[in-house]
Amino acid sequence: MSEYQDNGGDIAAVAADREKIIIRTSLIGIGANVFLAAFKAGVGIAANSIAVILDAVNNLSDAMSSAITIIGAKFAGRRPDKKHPLGHGRAEYLSAMIVSAIVLYAGITAAVESVKKIIHPEPAEYTAVSLVIIGAAVVVKFFLGRYVKAQGVKANSGALEASGEDAFFDAILSLSVFASAVIFILTGLSLEAWVGVVIALFIIKSGIELMIETLDDIIGHRASAELVREIKAIINEEPQVRGAYDLFLNNYGPDKDFGSVHIELPDTMTVDEVDVLTRRLQVEVYKKTGVVMTGIGVYSYNTKDEDVCRMRDEIRELVLAHDWALQLHGFHMDAEAKSVRFDVVMSFDISAREGLMILYAELSSRFPDYTFVIAPDIDVTDI
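Here the sequence shown is numbered in the numbering used here, starting from 2 and rising by one per residue.
See the structure below:
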């Protein structure tokens with residue numbers, strides 16, 4: 002495990018750099034949004050424009066979101082302790098949930114105020130200065146969005162990437178406010194309240210999407226297909242490995258993934274050889290993906306008895322004839338005891354109980370002299 006220890010300084014440095022990027026970018030976002038909110042609020046009040054005022058509220062909610070992102074990043078970066086041995090990384094998901102609640106509340110409030118203005122309209126009064134401020138806000142938001150999203154990708158921070166996307170949205174919304182002001186000046190047609198409703202709906206949509214995404218992270222979701230393929234490819238590069246199965250990945254915050262897997266090895270390998278191989282795989286997987294493999298289990302692959310190999314192939318063909326049977330692995334047969342055991346990965350189209358009843362019935366009919374032990378596996382990652 003010395004190679005893990007050698008990388009310890011690098012891991013800490015990467016985590017520190019990530020936290021610095023998140024905090025620096027969030028502080029820039031707070032400053033820009035507070036500045037924009039203050040100017041827009043002044044313009045909105047002076048021009049009696051509900052659309053501009055709601056745009057200012059949107060900027061203020063973005064500033065609050067950035068502040069909460071900083072708090073979440075600081076808490077998530079705390080060192081592991083006895084009570085939280087795997088760290089505090091999931092705190093970022095909780096901060097993201099608070100941000101989504103704030104965004105959703107701001108959207109609902111904006112919608113209510115806009116509807117009130119539709120029912121009881123009040124004429125707006127724009128000036129050349131107010132138009133210049135609103136136009137400048139569009140430009141600032143556009144470039145702020147590009148910067149924040151780029152930093153989010155660099156730091157692998159979903160919160161920053163979402164903030165960057167939200168800033169692009171805000172630029173579009175501010176552009177719609179600008180357009181409604183120009184239309185009012187040129188034609189006298191007031192679209193203020195209606196534009197406010199549109200802005201409110203976009204804010205509500207953004208809050209709901211962020212909440213759903215964060216809930217997925219908290220509840221736990223299927224691992225990235227790309228990451229699963231990469232880990233299995235690394236494992237299968239070893240010539241002794243006949244297959245990698247039962248890959249489980251657990252996330253404890255951004256860039257904090259732990260996993261376990263079963264590998265199928267020929268029955269000719271010694272325990273010492275298996276030990277060297279599994280340790281090497283742990284290091285390789287971590288170096289190339291950042292995933293810590295906390296355990297690598299072993300299935301024995303029969304290479305000596307032709308009758309066992311033939312029966313294994315017959316059973317595999319019978320089992321995989323069902324669409325819901327995605328994979329068979331971990332096959333072992335005791336010829337003397339006439340017992341067979343293996344694992345079957347089943348899709349979510351069938352319950353494990355129903356699938357097992359079908360397989361036991363078919364196998365007992367086909368091989369009446371044998372007893373079977375079948376372990377149902379969950380379709381957790383892409384096979």
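All residues carry an ideal CB built from backbone N, CA and C; glycine is no exception.
This structure is a prediction, so every number in the text was calculated from the model and none was measured.
| query | Of all the beta strand (DSSP E) runs that stay within the bounds of the stretch 154-182, which reach a length of 3 or more residues? | reply | none
| task | Taking only the alpha-carbon atoms, compute the straight-line gap between residue 407 and residue 358 and give it to the nearest angstrom. | result | For the chain, the structure presents residues 2 to 384; residue 407 sits outside this window and is missing.
| task | Within the stretch 291-340, note down every full alpha helix (DSSP H) run reaching 4 residues or more, in order along the chain. | result | 307-320
| message | Quick check: what's the CA-CA separation for residue 278 versus residue 360? | response | 34 Å
| Closest residue to residue 270 among 247, 241, 296 (Cα-Cα distance) | 241
| request: Starting from residue 208, trace the alpha helix (DSSP H) both ways and give me its first and last residue. | output: 193-220
| Nearest to residue 123 by CA position, among 57, 193, 83, 377, is which residue? | 193
| query | Alpha carbon to alpha carbon, what distance is there between residue 256 and residue 88? | reply | 12 Å
| query | For residue 176 versus residue 111, is the C-beta spacing smaller than 7 Å? | reply | no
| Is residue 368 helix, strand or coil when you go by DSSP? | coil
| request: Starting from the Cα of residue 251, find the closest Cα among 260, 372, 243, 244 and give me that residue. | output: 260
| field | Cβ-based burial, residue 187 [other Cβ within 10 Å; buried from 16] | value | exposed
| request: Would you kindly check if the distance between the Cβ of residue 22 and the Cβ of residue 156 is under 7 Å? | output: yes
| request: Go through the stretch 38-85 residue by residue and report every complete run of the alpha helix (DSSP H) that reaches 4 residues or more, in order. | output: 51-77
| query | Hey, quick one: how far does the beta strand (DSSP E) through residue 103 stretch, first residue to last? | reply | First-last for residue 103: 92-120, but that is the alpha helix (DSSP H), not the beta strand (DSSP E).
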